[in-house]
Structures are given as C-alpha cells and as structure tokens.
Ligand SMILES: Cc1cc2nc3c(=O)[nH]c(=O)nc-3n(C[C@H](O)[C@H](O)[C@H](O)COP(=O)(O)OP(=O)(O)OC[C@H]3O[C@@H](n4cnc5c(N)ncnc54)[C@H](O)[C@@H]3O)c2cc1C
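Here's what the structure looks like:
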C-alpha cells in the first residue's frame with residue numbers, strides 16, 4: 005500500500021481510506037435500537053452477519069460493476085426474429101441471487117401466500133435498508149415480487165400455483181416458462197403514455213378468451229422486464245381490471261410482450277425499465293373486473309414502504325461516508341470532523357437519520373401487526389404515504405449535502421456518492437409521486453375516527469416534546485379545512501416529523517426524540533442542514549451513534 009501511495013512527483017497523503025469491509029449493522033446504533041424496539045432484537049446476530057456481508061469490499065465493487073455495465077435490450081436476433089430479452093451484467097445477477105437467497109422477496113409471506121408472523125416485516129426492512137446502502141437497481145424486482153403477493157391474494161387458485169416458485173430462494177435468471185424455473189420474479193405495469201397517476205385513463209384493452217384474457221395495448225414504464233410475470237392494469241368490459249401476464253403463455257410459447265426500448269435513466273442504472281407493447285398477450289384476471297385499482301393498491305402499499313426504506317438506506321450510506329471522510333481528512337491542520345461547522349452539519353444530518361430510521365422501522369412494525377390490530381392497520385394506512393413522501397423527499401438534498409462533505413471526491417463517479425445522488429430522486433417519483441402521496445394522506449385523514457386515533461397515539465408517544473402538540477393540531481385541522489389540498493404538503497411533512505418523534509420516543513431514546521422534536525418541529529433560522537442549534541454534548545452523542553470511531 006505504501007508503494008502505491010508514492011508517485012514520481014508526490015506522495016499521496018490525506019485521502020480518506022475506502023469505506024468498505026464495514027459491518028452495516030454493528031456500525032449503526034440507531035438501526036440496532038429500532039430493530040430491538042420493533043420486536044426483532046432476536047434477529048441481531050443474523051443481521052450482523054448480513055451487515056458484514058453486504059458491507060464487504062467485494063459487494064461494494066460488485067455494485068459499481070452492476071451500475072457501470074448497464075442492461076442491454078436485445079429486441080431481435082441476427083436473423084431478424086424477435087427476442088425481446090434484456091441482458092444483464094453478471095454483477096446484477098450476483099445481487100439478485102444474494103437478495104433472493106436471503107429471501108428479501110418472500111420472507112414476509114408463508115408458503116400459502118398469507119402474511120408471515122411478526123417481526124418478519126421488521127426483519128426484512130432492516131435487511132432491505134442495508135442492501136439499499138450498497139445496490140438499489142436490483143431491488144426493483146425484489147420489491148415488486150414480494151409486493152405482488154398482496155395483489156395475487158385476490159385469486160386463491162392462482163396464488164396457490166405461483167407461490168412455490170415465488171417463495172423459492174434459488175434465483176433463476178433463465179428465460180423459460182415459469183413452471184420450468186426454480187424461482188420466479190414479478191413486475192408491475194400500470195403507467196401508460198397518457199397517464200401514470202391517472203391510471204383510469206389507461207387505454208390498454210383486455211378481452212375475455214375462455215376463462216382467461218387477451219391484452220392489447222402498451223405501458224410507457226415497465227421496470228425489470230425480465231421478470232417472469234407482471235401485474236398489469238387494462239380496460240376489461242367491466243372496467244379497469246388487474247391481470248397477471250406471464251412472459252410465456254400456458255402452451256409454452258413466448259407471450260405477446262414486445263419490449264420497445266429501455267429508458268435512458270438519470271440513475272437506477274443497473275435496473276432495466278422498458279417501454280412495452282402487449283400484442284394479444286395472454287393474462288389471468290386478478291380480482292373482479294372493474295376493481296383493478298382496488299386489487300393492485302394492496303401491492304402498491306408495500307412498494308411504497310420499500311421506497312421509504314430504500315431512501316433511508318441511501319441516506320444512511322451518505323451519512324456514513326461523510327462522517328468517515330471527515331474523520332480522516334485534515335484541512336487547516338485540523339480534522340474536518342473537529343471543525344465546528346462540519347460537526348454542526350454532520351450532527352444535524354445524523355439527527356435527521358435518527359428520525360428517518362426510527363420512523364421507517366416503526367412503520368414496518370405496523371405492517372407486521374396490521375392483520376390483527378385495527379389501530380396498527382389505521383396507522384399503516386395513514387402513515388405509509390406520509391413516510392414515503394417525507395423520507396423520499398429528504399433523500400436527494402441529504403445525499404447532496406453528503407457529497408459536499410467529501411468535496412470534489414464526492415462529485416466524481418469513482419466514488420459511491422455520485423451514484424447515490426443520481427439514484428435518490430426516483431423513489432419519490434415512482435409508486436405515487438409526492439403530491440399524489442399527499443392526496444392519499446388526505447384521503448386517509450378523511451376517515452376521521454381512524455385518523456384521530458392514530459394522531460392521538462402519536463401525540464401520546466411524543467407527549468410533552470417540543471412542538472408535538474402544535475404539529476398534531478395542524479394535522480387535525482387539515483381534516484376539515486376547505487383548502488386542505490393547497491396545505492397538504494406542509495401537513496404531511498408535519499405528520500411525518502411528528503410520527504418520527506413518536507417513533508424515537510417509543511424506541512426509548514428520549515434524549516434523541518427531544519432533540520429531533522426541537523430541531524424539526526419548532527421554528528429555527530435556516531433551512532439547510534447544519535443550521536439547527538445543537539450543543540456540544542448533543543453533537544458528540546449524535547456523531548458517536550452515527551458511526552463508531
Ligand atoms: C425509473 C422509473 C421506473 C418506473 N417503473 C415503473 C413500473 O415498473 N411500472 C409502472 O407502472 N410505472 C413505472 N414508472 C412510472 C411511474 O410510476 C410514474 O412515472 C409515476 O407514477 C408518475 O406518473 P406520470 O409519469 O404519468 O406523471 P403524472 O401522472 O403526469 O404526474 C406528474 C406530476 O403531477 C403530480 N400530480 C398528479 N396528480 C396531481 C394532483 N391531483 N394534484 C397535484 N399534483 C398532481 C404528480 O405528483 C407528479 O409530480 C417508473 C418511473 C420511473 C422514473
């Protein structure tokens with residue numbers, strides 16, 4: 005190593021060592037506390053092994069490879085015959101095998117497709133959060149596969165056939181009919197050219213063919229096109245309906261999915277997202293005709309949870325890289341980590357991260373408990389869009405600030421932060437963009453009794469902490485406000501921050517909850533990270549919790 009640091013003209017000094025071969029679990033105190041507080045403390049040993057594996061230099065390098073070597077669409081073969089396949093770099097397959105091997109696509113389901121017992125959601129959320137710190141693109145099909153089960157549940161016969169393949173942990177990338185494979189993955193196609201949010205405007209048509217259907221039309225965005233089947237929306241005679249469309253039809257022929265081109269995306273490069281036409285494509289109906297949105301929303305609720313978890317993971321890696329770098333970089337004869345302004349900045353970012361991880365893991369707990377606890381179901385209903393909105397909105401600005409902590413090194417593609425930065429906005433856009441999440445919170449608030457009960461439980465958990473009573477009042481006032489839509493963004497932000505404060509208090513970290521409430525729920529001058537007044541002890545505590553020295 006010493007030899008590598010000596011050039012003809014200079015010695016290489018004062019560059020921070022690579023942040024790799026780290027234990028993503030043991031180095032993250034807020035995560036450990038959130039896991040324990042949400043019922044998954046017994047999983048800590050396994051989470052440690054998982055964190056060491058995913059934090060290894062080898063995995064971090066595989067992530068670079070998977071994103072530098074983008075998937076390629078092979079529309080035709082040399083003879084001009086259609087192929088409609090996407091080829092991925094081996095590093096992408098490596099991640100798919102690792103995540104499916106750890107059952108991130110299936111561990112929240114029992115073999116029959118019903119929900120696994122708590123704390124399966126929290127266990128999965130903790131793992132997903134660590135994976136998102138390393139490689140995000142491959143998580144798209146993992147997320148969609150796990151979530152698809154919630155929609156397929158509408159068809160007991162179909163799910164009974166598919167579940168053995170969905171729950172298999174042996175990744176099988178081959179392009180073959182689903183019944184011949186060891187394991188399958190599922191994607192989702194809702195968005196069309198004329199509308200993504202407004203799926204009722206879908207023009208894709210479905211016609212009954214015996215017990216099954218034939219679908220003709222298009223999707224403007226359909227990610228992970230090498231999945232073995234897709235949940236799609238199409239207009240059936242009875243209205244917008246959910247279907248499951250396999251890549252191969254039951255006779256073993258390639259089904260009528262014509263991949264048109266791959267999107268040239270800002271980030272999320274290891275994942276393929278395609279435009280597709282459906283040409284008389286075979287599909288099974290999922291749920292009743294006309295109830296497409298109602299059926300697929302069960303899936304979407306789970307993908308929204310994953311968007312928040314993934315954004316939290318991006319933020320965590322950005323924070324860790326910042327704190328790590330500033331501890332090794334000397335400027336003006338002093339470590340950056342000892343410069344008061346840099347300490348104020350990184351401590352404020354660490355405080356944000358405390359709120360974010362507590363909030364996301366507490367939401368996963370609600371998903372764990374929702375089936376048997378109406379209060380937790382109402383909490384999941386109200387908070388999922390709020391958490392998705394707030395956490396996904398925080399991530400780009402947070403990662404940007406982290407880039408700046410590394411100076412020029414933060415901005416170049418050899419480092420990890422540039423990729424995290426390009427990845428960060430997508431979680432806010434897909435699975436319901438920001439404003440759409442706020443409208444969804446308003447819909448949940450309109451169920452006044454449920455919403456009031458959730459607000460009361462948040463206010464109770466965060467009792468007496470600064471700003472919490474005002475935040476609860478502001479959210480409650482929106483329920484009956486005539487101009488609720490115009491105010492929705494500020495309401496949803498306050499709701500998410502109130503819920504984060506409550507989650508921190510429930511975790512038992514009263515001191516952190518108090519700091520978070522004061523910093524995020526009471527007014528202070530300044531709008532960027534590092535402007536919140538934190539005293540020396542608070543700063544020291546937050547940075548020590550963020551990353552052990
Ligand atoms: C990388 C990537 C991968 C994707 N993969 C998939 C996929 O696999 N499957 C799939 O189905 N889709 C996918 N999408 C599409 C994505 O879900 C849509 O882009 C998204 O839902 C928004 O739809 P839209 O693009 O049509 O925008 P629009 O619906 O036109 O919305 C534009 C903006 O208007 C806002 N808006 C909408 N309604 C209102 C309102 N009433 N009041 C105020 N503001 C409003 C929205 O919040 C948004 O910010 C993907 C997108 C990306 C970027």
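In our numbering, the protein residues as written are 5 to 553. Beta carbons: idealized from backbone N, C-alpha and C, even for Gly. Computed from a predicted structure; not experimentally measured.
Relative to ligand 1, residue 272 has its C-beta within less than 7 Å of a heavy atom. When distances are taken from the beta-carbon of residue 359 to the heavy atoms of ligand 1, even the shortest one reaches 7 Å or more. Annotated three-state conformation of residue 404 is helix, per DSSP.
Taking a C-beta distance under 8 Å as the contact criterion, residue 315 and residue 275 do not qualify as a contact pair.
At least one heavy atom of ligand 1 is found less than 7 Å from the C-beta of residue 434. Taking C-beta separations shorter than 7 Å and ignoring five residues to either side along the sequence, residue 46 has no partners in its chain. In this structure, DSSP gives residue 219 an extended state, which the three-state scheme calls strand. Looking at the backbone, the Cα of residue 309 and that of residue 368 are separated by about 8 Å. In this structure, DSSP gives residue 304 a helical state, which the three-state scheme calls helix. A distance criterion of 7 Å places the beta-carbon of residue 193 in contact range of ligand 1, judged by its closest non-hydrogen atom. Around the beta carbon of residue 116, fewer than 16 other beta carbons sit within 10 angstroms, so the residue counts as exposed. Using a cutoff of 7 Å, the CB of residue 290 does not count as near ligand 1, since none of the ligand's heavy atoms is closer than that. Following the DSSP letters along the chain, one finds residue 110 in no alpha helix (DSSP H), marked with neither H nor E. For the pair residue 535 and residue 527, the CB atoms are not nearer than the 8 Å cut-off. Apart from sequence neighbours up to five positions away, the residues of its chain that approach residue 444 with a beta-carbon distance below 7 Å are 389 and 436, ordered along the chain.
For residue 287, the three-state secondary structure derived from DSSP is strand. Comparing C-alpha distances from residue 497 to each of 69, 484, 474 and 518 shows the shortest one belongs to 474. The Cβ-Cβ distance between residue 418 and residue 353 does not fall below 8 Å.
When C-beta atoms of the stretch 261-268 are compared with those of the stretch 101-113, fewer than three pairs fall below 8 Å, so the two segments do not count as touching. In this structure, DSSP gives residue 513 a state outside helix and strand, which the three-state scheme calls coil. Close CB contacts of residue 41 within its chain, under the 7 Å cut and outside five residues either way in sequence, are with 510, 511 and 512 (chain order). The beta-carbon distance between residue 303 and residue 490, rounded to whole angstroms, is 30 Å. This is too long to meet the 8 Å contact definition.
In this structure the stretch 211-219 does not lie against the stretch 155-174, because fewer than three pairs of beta carbons, one per stretch, are closer than 8 Å. Set against 7 Å, the gap from the CB of residue 48 to the closest heavy atom of ligand 1 is not smaller.
The way I'd put it, the stretch 128-145 does touch the stretch 63-71; three or more beta-carbon pairs between them come closer than 8 Å. Excluding the 5 residues flanking it on each side, residue 281 has same chain C-beta neighbours closer than 7 Å at 222, 262 and 264, in chain order. Around residue 457, the same chain offers 379 and 382 as residues with beta carbons nearer than 7 Å, after the five sequence neighbours per side are excluded. Using a Cβ-Cβ distance cut-off of 8 Å, the stretch 391-406 and the stretch 313-327 are in contact, since at least three pairs of beta carbons, one from each stretch, lie closer than that value.
Non-local beta-carbon contacts of residue 158 in its own chain, meaning distances under 6 Å to residues more than five positions away in sequence, involve 290, 291 and 299 in chain order.
Under the DSSP definition of a beta bridge, residue 280 partners with 223 and 263. In this structure the stretch 47-66 touches the stretch 22-38; the number of beta carbon pairs closer than 8 Å is three or more. For residue 79, the enclosing beta strand (DSSP E) has its first and last residue at 76-80. Going by DSSP, residue 248 is part of the beta strand (DSSP E) stretching over 243-250.
In the structure shown, the three-state DSSP call for residue 169 is helix.
As DSSP reads the structure, residue 211 sits in a beta bridge with 218.
Between residue 38 and residue 361, the CB-CB gap stays under 8 Å.
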